[in-house]
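*Asks:* First the structure, then my questions, so here it is.
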Amino acid sequence: MDCEICHSYQRKFYCINCLRERLRAHHVNMKQITQDKQKYVDRANKLVNNGLRDQLKIIAEKHARTQNIKRVMRETERLREEIVRDGQEIEMLKKSIATRKAVLQKSLACFANLKANQKAAIIKDIAETRERSHNKHQTLMHSRRVLIAELVSLFDLKRINGPQDHYSEVRENGAAVIAKENDIIQSPNGNADDDAEYSIAGMTLPKKGNFQKYPMEDINTTVGYVIHMLQLIAYYLGVKLPYRLLRDKGSLPYATGSFSGMTGGRRPLHLDGSNVDTFTKGLAMLNYDIAYLCRTQGVDIAFHKVPNTLQNLYLCCNAAGLGR
1 MDCEICHSYQ RKFYCINCLR ERLRAHHVNM KQITQDKQKY VDRANKLVNN
51 GLRDQLKIIA EKHARTQNIK RVMRETERLR EEIVRDGQEI EMLKKSIATR
101 KAVLQKSLAC FANLKANQKA AIIKDIAETR ERSHNKHQTL MHSRRVLIAE
151 LVSLFDLKRI NGPQDHYSEV RENGAAVIAK ENDIIQSPNG NADDDAEYSI
201 AGMTLPKKGN FQKYPMEDIN TTVGYVIHML QLIAYYLGVK LPYRLLRDKG
251 SLPYATGSFS GMTGGRRPLH LDGSNVDTFT KGLAMLNYDI AYLCRTQGVD
301 IAFHKVPNTL QNLYLCCNAA GLGR
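Position 237 of the sequence shown, counting from 1, maps to 237 under full-length UniProt numbering, and the rest follow consecutively.
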């Protein structure tokens, strides 16, 4: 009912027990309602959260796929541009290849015509070149022979105490051997040999190395002539000797080099009575040089005839293939 003064509703009054019962019932109902409310709120939050997560995932996938599509489109556009450029380059290369093929065909045709026209001229030039080379070789060989003949005449290298001149070329195992046509004596190994003596500038050497029977001055003089003549012959023929024959300024001649069983060093080519052993080694090196020079000119010197210094030098100067 309304108050006549304040016009508000009058409040109802309850007893304590009623209030307790009502409050208890109210609390029970509120608890149940709160539990139900929380249950529905949790369910709603769960539904909202699950839906938002899925939605965010879908949005992220959409964004990634969009970016991938854009990248693929850019790559596709780039590849299309490259294809266009490559196509243009291929067309240019095709044109260039066609042009080069045409030039090559034209060049081949010109070369074939030129070859056909100049074949005879080329053959003629080759023949003329060979002839000139042969003539020059013959001239060189003749010049060498003339020079060596002058050396033989100058040093008076000759054969004494036996028939003179007339040498023929004997073939033995394919090698050329200069032998005397007269008084040929067969040695144990089948090579031609003779007992004639040889001299240079009127002087001789002992054939068997018996230096005691010859004056040392004569031996040294003869060896000096041989060294000088051998060096000139090797120079004229363009042959490098295995052992070097040297003479220092103001010193005596010597041979230098090394071979099996002997170390390198100087071997004197001047006999003084106290150096017979070393002089013999030096003379052996000199004889080896002479035999080597003979071999280069087609003259085969037998092993047992290598010590025949003057004879081998004489055979070299009279070789049939001298200067070749």
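All C-beta atoms, glycine included, are put in the ideal place defined by N, C-alpha and C.
The structure displayed is predicted, hence computed values, not measured ones.
Apply the 10 Å Cβ neighbour rule to residue 299 and answer buried if 16 or more other Cβ atoms are within range, or exposed otherwise.
*Replies:* Counting from one through the sequence shown, the residue named residue 299 turns up at place 299. Buried is the call here.
*Asks:* Is residue 107 helix, strand or coil by DSSP?
*Replies:* Here the question's residue 107 lines up with position 107 in the sequence shown. Residue 107 falls in the helix class under three-state DSSP.
*Asks:* Tell me the start and end of each unbroken alpha helix (DSSP H) in the region 197-283 that is at least 4 residues and wholly inside, in chain order.
*Replies:* Taking only runs of at least 4 residues, the alpha helix (DSSP H) segments lying wholly in the region 197-283 are 216-237.
*Asks:* Cutting at 7 Å between CB atoms, please list the residues of its own chain near residue 274, excluding the five before and the five after it.
*Replies:* Walking along the sequence shown from the start, residue 274 turns up at place 274. Closer than 7 Å at Cβ, skipping near neighbours: no residue.
*Asks:* Can you tell me which residues form a DSSP beta bridge with residue 158?
*Replies:* Looking up residue 158 in the sequence shown gives position 158. 199, per the DSSP bridge assignment.
*Asks:* For a quick check, are the C-beta atoms of residue 222 and residue 243 less than 8 Å apart?
*Replies:* Residue mapping note: residue 222 aligns to position 222 of the sequence shown, counting from 1. Residue mapping note: residue 243 aligns to position 243 of the sequence shown, counting from 1. No, Cβ-Cβ distance for residue 222 and residue 243 is not below 8 Å.
*Asks:* With H, G and I counted as helix, E and B as strand and the rest as coil, what does DSSP make of residue 299?
*Replies:* In the sequence shown, residue 299 corresponds to position 299, counting from 1. The answer is coil: DSSP assigns residue 299 none of H, G, I, E or B.
*Asks:* Any idea if residue 138 is buried or exposed, counting beta-carbon neighbours within 10 angstroms, 16 or more meaning buried?
*Replies:* Position 138 of the sequence shown, counted from the start, is the residue given in the question as residue 138. Label assigned to residue 138: exposed.
*Asks:* Helix, strand or coil: which one does DSSP assign to residue 306?
*Replies:* Position 306 of the sequence shown, counting from 1, holds the residue named residue 306. Three-state DSSP puts residue 306 in coil, outside helix and strand.
*Asks:* Report buried or exposed for residue 181, applying the criterion of at least 16 other Cβ atoms within 10 angstroms of its Cβ.
*Replies:* Walking along the sequence shown from the start, residue 181 turns up at place 181. For residue 181, the pLDDT reaches just 36, beneath the cut-off of 50, and the residue's location in the model is therefore unreliable, although a value from the coordinates is still provided. Flag for residue 181 reads exposed.
*Asks:* Between the C-alpha atoms of residue 119 and residue 127, what's the straight-line distance to the nearest angstrom?
*Replies:* Locating residue 119 in the sequence shown gives position 119, where the first residue counts as 1. Locating residue 127 in the sequence shown gives position 127, where the first residue counts as 1. If I take the Cα positions, the gap works out to 12 Å.
*Asks:* Output yes or no for whether 8 Å exceeds the beta carbon distance between residue 241 and residue 293.
*Replies:* What you label residue 241 is simply residue 241 of the sequence shown in a count that begins at 1. What you label residue 293 is simply residue 293 of the sequence shown in a count that begins at 1. Against a cut-off of 8 Å, the Cβ pair of residue 293 and residue 241 comes out as a contact.
*Asks:* When the distance is taken between beta carbons, is residue 141 closer than 8 Å to residue 323?
*Replies:* Taking the sequence shown and counting its residues from 1, the one referred to as residue 323 is at position 323. Taking the sequence shown and counting its residues from 1, the one referred to as residue 141 is at position 141. Result yes, Cβ atoms of residue 323 and residue 141 sit closer than 8 Å.
*Asks:* Looking at residue 270 and residue 252, is the spacing between their C-beta atoms short of 8 Å?
*Replies:* By one-based count along the sequence shown, residue 252 stands at place 252. By one-based count along the sequence shown, residue 270 stands at place 270. Yes. Within cutoff.
*Asks:* Taking just the CA atoms, how far does residue 121 sit from residue 129?
*Replies:* As a first step, residue 129 must be located in the sequence shown, where it is residue number 129. As a first step, residue 121 must be located in the sequence shown, where it is residue number 121. In a straight line, the C-alpha of residue 129 is about 12 Å away from that of residue 121.
*Asks:* Check each candidate in 203, 284, 157, 316 and name the one with the smallest Cα separation from residue 239.
*Replies:* As a first step, residue 239 is located in the sequence shown; it is residue number 239 there, counting from the start. Out of 203, 284, 157, 316, 316 has the C-alpha closest to the C-alpha of residue 239.
*Asks:* For residue 323, does the three-state DSSP call read helix, strand or coil?
*Replies:* On the sequence shown, residue 323 is found 323 positions in, with the first residue counted as 1. Coil.
*Asks:* Can you name, in chain order, every residue of its own chain whose Cβ lies under 6 Å from the Cβ of residue 195, other than the five neighbours on each side?
*Replies:* Your numbering for residue 195 matches position 195 in the sequence shown. At residue 195 the pLDDT is 43, less than 50, meaning the model places this residue with poor confidence; the figure from the coordinates comes in the next sentence. Same-chain partners within the cutoff: there are none.
*Asks:* So, at 8 Å on beta carbons, what are the nonlocal neighbours of residue 124 in its own chain, with the 5 sequence-adjacent residues on each side left out?
*Replies:* As a position in the sequence shown, residue 124 is number 124, starting the count at 1. Correct list: empty, nothing qualifies.
*Asks:* Taking all protein chains shown into account, decide if residue 383 is buried (16 or more other Cβ within 10 angstroms of its Cβ) or exposed.
*Replies:* The chain is shown from 1 up to 324; residue 383 falls before or after that span and cannot be answered.
*Asks:* Does residue 317 come out as helix, strand or coil in the three-state DSSP assignment?
*Replies:* Locating residue 317 in the sequence shown gives position 317, where the first residue counts as 1. It is helical.
*Asks:* Return the CA-CA distance between residue 101 and residue 234, expressed in angstroms with no decimal places.
*Replies:* The count along the sequence shown starts at 1 and reaches residue 101 at position 101. The count along the sequence shown starts at 1 and reaches residue 234 at position 234. Residue 101 and residue 234: Cα-Cα distance of roughly 59 Å.
*Asks:* Quick one: is residue 226 buried, meaning 16 or more other Cβ sit within 10 Å of its Cβ, or exposed?
*Replies:* Locating residue 226 in the sequence shown gives position 226, where the first residue counts as 1. With 16 or more Cβ atoms within 10 Å of its Cβ, residue 226 is classed as buried.
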